[in-house]
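Step one of this worksheet: look at the structure below.
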Amino acid sequence: MAGDTPAGQVLALVTGLVDAAQWLYGHWYLLAPAIAVCWGVVEMVVRLLAAKASAERMALELVATRHFDPSLVEIFRRGVALRHATGRIPAAAARKEQTHIPRTLRCALGEPPTAA
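For the numbering used here, count along the sequence shown from 1 and bump the result up by 14.
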């Protein structure tokens, strides 16, 4: 009858949790492989997602020429400008044009971009 009151239900819950913790403490060798399997699955999923994101990434390579020798600041500015420019294209147009864009562009000032 004590389990019918809210205090009895809380006491039963705490007792059940303590019993479960004691069982896991006594059978730790069952818990360790389960944790290892979960860790491995998560690691595999993260690596697959990282590989997919890396495959979809495009790089911009600035090549120094006689008239253009970019500093780190200039490279950063051009990267920010590229990021802003890609953000202004409608999503449908960006997906449509993405198949025609090479993964790495080599750019020198005054020259058209060429695929590396």
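Glycine is no exception: its CB is placed at the ideal position from the N, C-alpha and C atoms.
The alpha helix (DSSP H) enclosing residue i, as first and last residue numbers
{"i": "Pro20", "result": "Pro20 to Gly40"}
Cβ pair residue i, residue j closer than 8 Å
{"i": "Leu38", "j": "Leu45", "result": "yes"}
Segments of 4+ residues assigned as alpha helix (DSSP H) that fall wholly inside the region 42 to 86: 42 to 69
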